[in-house]
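FYI, the numbering for the sequence shown is 3 to 375, going by the working numbering. Think of the CB as a built atom: it goes at the ideal place given N, C-alpha and C, for glycine as much as any other residue. Since the model is a prediction, treat every value here as computed from it, not as a measurement. Down below is the structure, laid out as structure tokens.
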Amino acid sequence: MSTASPNKFACIGHPADVEQFRGIVNTLRTERNLADKSFDKRLLIKLFEWTPAFKIKDINPVGFSGSGSVEGIVVIAPFLPEMRDIKLKEIGDKIEDAIVIAAQEGCTVAALGGFTSIILQGREEDLSKKHGIKLTSGNTLTAAVIVRSIERITTRFGIDLAKSTMAIVGASGDIGSGCTGYFCDKVQRLLLTARGRGKLEEVAEKYRAQATCELELFSSEENKQAISRADIVIFVTSAYKGIITLREFEPYTIVCDASSPLNVRINSPLRPDVFIFHGGVLALPFEIDTGQDLGLPSTYTFYGCQVEGILMALYPQLPCSWGRGNINREKLHQYLSILDSVEGMRTAFTIAHHTYHESEIDTYVKKWEKKAF
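Rendered as structure tokens:
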């Protein structure tokens, strides 16, 4: 990969919940030498509605060995995921305002994190041209991180993918479709679930010719049925709340929850017979301090969707991720090549604020081998 020309990136996101927004507000108060304040939840929700998009942080120059370096900014579009159903236009305007801020700050690429890319889906090309800035959902790198992490962890556990049953929950989405295309000739059986049967059938038809596995389709109402039959489960839905609890999985299941917010509710200690990790997370050789708690273990871990924006700033020849169902094998392998070759960047196995240490994974593996529960 050739050294890139200097560029600047923007990470555009939104708070996952009211408490995260409370933290952002208090971070801004601290920067102005004001004490933390316990705002009433109703007031915070009103603040969501009133507050325009704003830049919260400058990111110091970052880069990988031999890549040069780029500066960045973090821009917040204040809305809650559940607001998209009742205030779609207002939220869309806030996200566009965030793009304007990024362009005015001299950014050449903006990564749309969380629900920002979902809400703008179908408008990316027009907005990119209008504001003179590349836009990406980061979905291709996220899919690359997911598939590579699944391959790594199943190898570690001694699981033969070719004999495995995999469920992809949210398979009709962009990332879910990309994961389907990758694994359809690598596993024994794929169980695909989604809310819309028509879009799910389109995904199945798209990959049926190259699939060597059995393909079964399920509605979202049948999620639990599909999950109960799977050795490996990938969650990539756009649901804005949990859809299943950790205790509902069968023993000896690998769970990759790449949704944000997470689809799996963990209201009790982790299970020794279910290995769950937050998919799409990368460990980096440099720090990304966004000035807020993103639900990650440290500032040396970051979401793949945002790292894609950083990589596009470092390597402008990389393609954007747009729309639904546009992660083809060629594009996915392009990002897999980057993931495998860039020094210091690797898939991370984390859940919430915890990173699994090698010794912890070894303990899981040994117990699974002995069925010691």
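Can residue i and residue j be called in contact, C-beta distance under 8 Å?
i: Met347; j: Leu264; result: no
i: Gln297; j: Ala113; result: Position check: residue 297 holds Gly in this sequence, whereas Gln was assumed. Taking 8 Å as the Cβ cut-off, Gly297 and Ala113 do not qualify as a contacting pair.
i: Asp176; j: Ser130; result: no
i: Asp2; j: Ile170; result: Beyond the ends of the chain as shown, which are 3 and 375, falls residue 2; an answer cannot be given.
i: Val149; j: Cys181; result: yes
i: Ile14; j: Ile101; result: yes
i: Gly74; j: Tyr305; result: no
i: Glu107; j: Ala12; result: yes
i: Thr352; j: Pro271; result: no
i: Ile120; j: Leu90; result: no
i: Phe220; j: Val367; result: no
i: Arg191; j: Thr167; result: yes
i: Gly293; j: Lys59; result: yes
i: Arg231; j: Leu248; result: no
i: Thr239; j: Ile245; result: yes
If we count the other Cβ atoms within 10 Å of its Cβ and call it buried at 16 or more, is residue i buried or exposed?
i: Lys136; result: buried
i: Trp370; result: buried
i: Ala350; result: buried
i: His355; result: exposed
i: Lys10; result: buried
i: Thr195; result: buried
i: Gly198; result: exposed
i: Ser179; result: buried
i: Thr157; result: exposed
i: Gly172; result: buried
i: Glu126; result: buried
i: Pro17; result: buried
i: Pro83; result: buried
Hey, how far is the Cα of residue i from the Cα of residue j?
i: Tyr376; j: Pro54; result: Nothing about residue 376 can be read from this structure; the chain reaches only from 3 to 375.
i: Pro80; j: Tyr184; result: 35 Å
i: Gly325; j: Lys373; result: 43 Å
i: Ser174; j: Glu289; result: 34 Å
i: Met314; j: Ile236; result: 26 Å
i: Ile345; j: Thr142; result: According to the sequence provided, residue 345 is Glu. The question's Ile does not apply to it. In a straight line, the C-alpha of Glu345 is about 19 Å away from that of Thr142.
i: His359; j: Ile278; result: 14 Å
i: Ala164; j: Asn269; result: 33 Å
i: Glu250; j: Glu98; result: 40 Å
i: Leu217; j: Thr118; result: 31 Å
i: Pro318; j: Gln227; result: 43 Å
i: Thr303; j: Val283; result: 7 Å
i: Cys307; j: Thr365; result: 31 Å
i: Leu193; j: Val257; result: 14 Å
i: Val309; j: Ser343; result: 15 Å
i: Lys243; j: Leu320; result: 33 Å
i: Glu332; j: Glu51; result: 41 Å
Spatial neighbours of residue i within its chain, please: C-beta separation below 7 Å, excluding the five flanking residues on both sides.
i: Ala146; result: Leu334, Tyr337, Leu338, Leu341
i: Ile103; result: Ala55, Lys57, Val77
i: Ala241; result: Ser261, Asn265
i: Thr301; result: Glu289, Ile290, Asp291
i: Lys201; result: Ser174
i: Asp259; result: Phe237, Asn265, Val266, Ile278, His280, Gly281
i: Cys109; result: Lys10, Phe11, Ala12, Ile75, Ile135
i: Gly65; result: Ser71, Val72, Leu316
i: Ala105; result: His133, Gly134, Ile135
Residues in the same chain with beta-carbon distance under 6 Å from residue i, minus the five sequence neighbours each way, listed in chain order, please.
i: Thr357; result: Pro299
i: Glu224; result: none
i: Ile61; result: Gly74
Note down, in chain order, each residue of its chain lying with its Cβ closer than 8 Å to the Cβ of residue i, except the 5 sequence neighbours on either side.
i: Pro154; result: Correcting the residue type first, residue 154 is Arg in the shown sequence and not Pro. Correct list, in chain order: Thr349.
i: Glu362; result: none
Which runs of the alpha helix (DSSP H), 4 residues or longer, sit entirely within the region 280-319? 306-316
Threshold first: 4 residues or longer. Then list the alpha helix (DSSP H) segments lying entirely within the region 82-131, N to C. 90-106, 117-121
Going residue by residue through the region 206-278, where are the continuous beta strand (DSSP E) segments of at least 3 residues, counting only ones entirely within it? 216-221, 234-237, 255-259
Those runs of the beta strand (DSSP E) which lie wholly inside the region 125-183 and span at least 3 residues: 136-138, 167-171
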